[in-house]
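Peer 1:
Protein chains: 2
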Amino acid sequence: MTVYTIALIGFGGVNRALTELIATKNQLWERDLGFRLNIVAVSDLFLGSVISPNGLDAKMLVETNFAKGGFGQLSGGSAEADNETIIKTAPADIVVEATFTNPIDGEAAVSHCRWALQTGKHVVTTNKGPVAIAARELKALAKANGVHFEYEGSVMSGTPVIRMAEKTLAGAELKGFEGILNGTSNFVLGRMEGGLDFAAAVKEAQQLGYAEADPTADVEGFDVRLKVVILANELLGADLKPGDVICKGISGLSAADIEKAAKANSRWKLIGSAVRGADGRVTGSVSPRQLPLDHPLAGVNGATNAVSLNTELLGSVTITGPGAGRIETAYALLSDIVAIHNTHVSVATREAA
Amino acid sequence: MTVYTIALIGFGGVNRALTELIATKNQLWERDLGFRLNIVAVSDLFLGSVISPNGLDAKMLVETNFAKGGFGQLSGGSAEADNETIIKTAPADIVVEATFTNPIDGEAAVSHCRWALQTGKHVVTTNKGPVAIAARELKALAKANGVHFEYEGSVMSGTPVIRMAEKTLAGAELKGFEGILNGTSNFVLGRMEGGLDFAAAVKEAQQLGYAEADPTADVEGFDVRLKVVILANELLGADLKPGDVICKGISGLSAADIEKAAKANSRWKLIGSAVRGADGRVTGSVSPRQLPLDHPLAGVNGATNAVSLNTELLGSVTITGPGAGRIETAYALLSDIVAIHNTHVSVATREAA
């Protein structure tokens, strides 16, 4: 039986949800997936850090109501979070990066990933920042160190758009994609169709916890832009930076625009897309688009996300699923670990055969 | 560079489309996928058979207008199709089975697969018959002989529903699925929504080439039933036979039923589904269902297919894409060969490292 030791960097919603899963699912995973996870380190700016080579009790971690610096009370703990030392010295096979997204330079997460890969640890992350800004460097670093850099959850939480395109559509000749990649703006558009104006719809999204106090990143398309960069670079072999992607959000849409679309049997959707042109160059964009009701993305409602992959041999293949959620995003981390595990197991099995 | 030698069993639309792809794409595949395909044998009940150890010219095969028994004119050819001898003796790494679907006992395709696997050849197929009727036996046989039995195209042509569930959703805890798995009946329902009665809609489908002269298998749900069996057995570990799945088609729906659904903001769809009950038992069914318009499958129109996979950790994830088409189905065969190739390459690469 395989046990992977893991270090959690950040202990917010996502890594806490992963810890909940570990507390309840390890036995099931051992049977169905062939491995268990053992948390040997946690570091969090607010709670402090802890290293425990024999493993921390996942149930204790999620059930204890830690105060600021509370990890200092644990054996091997400190009230301070020295991420660099934790990442470099924790006896972990895998570093799980789930700190906040910095859309400008990806820091501190880029450094977290770099430190982990440099010291021979796999990295799994749901953090858009380091993937959108530094995937090329980090993938090269992973390769040089014989480890994995996996980030399925950086685009659609647990909905496996990256892995579907890469593992199941090889040879279909991907030409581009278009997607609904932000649940908040999609919810706001739906409420505007229900009769609210933009400001009232945003307010309702905030009250329901779908939108943050500052909704700019969601409604102005900046969040989608990072996801377009990640998908274009990963699936179309582009080398885009966020600034290369034209970006227009939904704040300019009026109630009259919404009504006019409905009369034309169509709906406004915030679409992130990229396409490879005849010259081979990949261009990305984020923009509201009026889709006819029979368009594959027109029926995607609320917080659901979807991406249509446009291929030469198959035409359009669409994947639709959750784009957010604590457990859903934690599942993305698990799916990354499954991918790491399967690479190694398939080799071990065949070498033994 | 890797060359896979292949034997085509059946030279109808699908294997002919694969041959067209080979004629034009081998160079691209060599660069992007790491292999070329070389056709060393073809057998077809109408055209006869041919074995050519150095390989047949794919362009010649698709461009020649062969008459009945026409393969007899080729070097190494015969006007007769002795599938057993061809399958057992052709110097092929992979046998590509694309003969007709027999929904009762899966023959002759089951025997084709068996002969290939027994003689150490991989099998890729788009034929529902052998997969729905004999997958368990054939998978065991493949394993015992150290080869693959792959059949992505048996459910949704090239849309990778099997591989998505298995390669990208491991650990998400699949509880069941529901899908639109027959484009003909879905087209007929759409035309009935457009005002035609059942008989007129079927007639139009026949005129457009979507429905066969005898539309029974499509409109009575028998085609969907085979696909439900394949998915339930493959993804939910069931051991269903076609007769275990309750099956009701769309021929009983009247124009009044369609109208009533529209007034209730819903649509009739022919749904194939399976679910694992509390006792662990998997039950499958095929039946028309009235779906509310915001249901993920309600917007799937015409010949498009879709399957929603219901999971414990991710909720519902839906894949939508073509469910038929010559090139689309031929792509499924390519995707199976990519899967075979990647298993072997990842081992070879790591052994060399």
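Keeping their order, the protein sequence lines are chains L and H. Counting from 1086, one number per residue, gives the positions in the first sequence under the numbering used here. Counting from 1086, one number per residue, gives the positions in the second sequence under the numbering used here. Note that CB positions come from ideal geometry on N, CA and C, so glycine has one too.
#1: In this structure, how does DSSP classify residue 1093(L) when only helix, strand and coil are distinguished?
#2: Any beta carbon of chain H sitting closer than 8 Å to that of residue 1386(L)?
#3: What is the C-beta distance between residue 1317(H) and residue 1367(H), in whole angstroms, given that I count them as a contact (C-beta under 8 Å)?
#4: Does the Cβ of residue 1215(L) have 16 or more other Cβ atoms within 10 Å, making it buried, or fewer, making it exposed?
#5: At the 8 Å Cβ level, is residue 1105(H) part of the contact set with chain L, yes or no?
#6: Among 1171(L), 1166(L) and 1218(L), which has the Cα closest to the Cα of residue 1188(L)?
#7: Report the neighbours of residue 1367(L) on chain H: residues whose CB is nearer than 8 Å to its CB, in chain order.
#8: Can you find a CB in chain L that lies within less than 8 Å of the CB of residue 1255(H)?
#9: Interface residues of chain H around residue 1413(L) at Cβ under 9 Å?
#10: Is it a yes or a no for the region 1197-1217 of chain L touching the region 1383-1402 of chain L, going by three-plus beta-carbon pairs under 8 Å?
#11: I'd like to check one pair, residue 1248(L) with residue 1263(L): are the Cβ atoms closer than 8 Å?
#12: Can you give me the C-alpha to C-alpha distance between residue 1098(H) and residue 1311(H), rounded to a whole angstrom?
#13: Taking Cβ positions only, does residue 1277(H) come closer than 8 Å to chain L?
#14: Let me see if you follow: with CB-CB separation under 8 Å, is residue 1416(L) close to chain H or not?
#15: Run the CB neighbour count on residue 1352(L), radius 10 Å, all protein chains shown included, and call it buried at 16 or more, exposed below.
#16: Among 1255(H), 1162(H), 1109(H) and 1363(H), which residue has its Cα nearest to the Cα of residue 1417(L)?
#17: What residue range is occupied by the uninterrupted beta strand (DSSP E) comprising residue 1260(H)?
#18: Check whether the Cβ atoms of residue 1290(L) and residue 1273(L) lie closer than 8 Å to each other.
#19: Can you tell me whether residue 1421(H) is helix, strand or coil according to DSSP?
#20: Just to confirm, are residue 1121(L) and residue 1147(L) a CB contact at a threshold of 8 Å?
#21: Closer than 8 Å between beta carbons: that is the criterion. Which residues of the region 1194-1209 of chain H meet it against chain L?
#22: 8 Å is my cut-off, CB to CB: does residue 1232(L) come that close to chain H?
#23: Measure from the alpha carbon of residue 1205(H) to the alpha carbon of each residue in 1357(H), 1174(H) and 1192(H), then state which is nearest.
#24: From residue 1164(H) to residue 1153(H), what distance separates their C-alpha atoms?
#25: Taking the alpha carbon of residue 1362(L) as the reference point, which residue from 1293(L), 1101(L) and 1323(L) has its own alpha carbon closest?
#26: Where do the N-terminal and C-terminal ends of the alpha helix (DSSP H) with residue 1215(L) fall, by residue?
#27: By DSSP, does residue 1131(L) sit in helix, in strand, or in coil?
#28: So residue 1118(L) contacts chain H; which residues on that side make the cut at Cβ distance below 9 Å?
#29: With a cut-off of 8 Å on the beta carbons, I'd call residue 1132(H) and residue 1155(H) a contact; round off their distance for me.
#30: Quick one, are the C-beta atoms of residue 1259(L) and residue 1321(L) less than 8 Å apart?
#31: Does the region 1406-1420 of chain L come within contact of the region 1391-1403 of chain H, defined as at least 3 CB pairs closer than 8 Å?
#32: Inspect the beta-carbon positions of residue 1358(L) and residue 1287(L) and report whether they are closer than 8 Å.
Peer 2: Looking at the coordinates:
#1: In the structure shown, residue 1093(L) sits in a strand (DSSP, three-state: E or B).
#2: Chain H, which has a Cβ nearer than 8 Å to the Cβ of residue 1386(L), makes this yes.
#3: Going by Cβ atoms, the distance from residue 1317(H) to residue 1367(H) rounds to 5 Å, so yes, they are a contact pair.
#4: A residue is called buried once 16 or more other Cβ atoms fall within 10 Å of its Cβ, and residue 1215(L) is buried on that count.
#5: Chain L contact via Cβ: absent.
#6: Nearest of 1171(L), 1166(L) and 1218(L) to residue 1188(L), Cα basis: 1218(L).
#7: Result: empty, since nearest Cβ-Cβ is about 16 Å, beyond 8 Å.
#8: Residue 1255(H) belongs to the set of residues whose beta carbon lies under 8 Å from a beta carbon in chain L.
#9: Residues of chain H passing the Cβ test: 1398, 1399 and 1400.
#10: No contact exists between the region 1197-1217 of chain L and the region 1383-1402 of chain L.
#11: Contact: no.
#12: Rounded to whole angstroms, residue 1098(H) to residue 1311(H) spans 21 Å at the Cα level.
#13: With a threshold of 8 Å between beta carbons, residue 1277(H) makes no contact with chain L.
#14: Closer than 8 Å to some Cβ of chain H, the Cβ of residue 1416(L) qualifies, so yes.
#15: Looking at its Cβ environment, which holds 16 or more other Cβ atoms inside 10 Å, residue 1352(L) is buried.
#16: Nearest option by C-alpha distance: 1255(H).
#17: Annotation for residue 1260(H): the continuous beta strand (DSSP E) segment containing it runs 1259-1265.
#18: Going by C-beta atoms, residue 1290(L) is nearer than 8 Å to residue 1273(L).
#19: In the three-state reduction of the DSSP assignment, residue 1421(H) falls in the helix class, which pools H, G and I.
#20: No, they are not a contact pair.
#21: Listed in sequence order: no entries.
#22: Chain H, which has no Cβ nearer than 8 Å to the Cβ of residue 1232(L), makes this no.
#23: Checking every option, the nearest Cα to that of residue 1205(H) belongs to 1174(H).
#24: Using only the alpha carbons, I get a separation of about 8 Å.
#25: Restricting attention to 1293(L), 1101(L) and 1323(L), the CA atom closest to the CA of residue 1362(L) is found in 1323(L).
#26: Segment 1213-1229, the alpha helix (DSSP H) holding residue 1215(L).
#27: When DSSP states are grouped into helix, strand and coil, residue 1131(L) belongs to the coil group.
#28: Residues of chain H with a Cβ closer than 9 Å to the Cβ of residue 1118(L) are, in chain order, 1255 and 1256.
#29: Their Cβ separation, rounded to whole angstroms, is 5 Å, which keeps residue 1132(H) and residue 1155(H) in contact under 8 Å.
#30: Yes. Within cutoff.
#31: Result yes; three or more Cβ-Cβ pairs closer than 8 Å.
#32: Not closer than 8 Å, so no.
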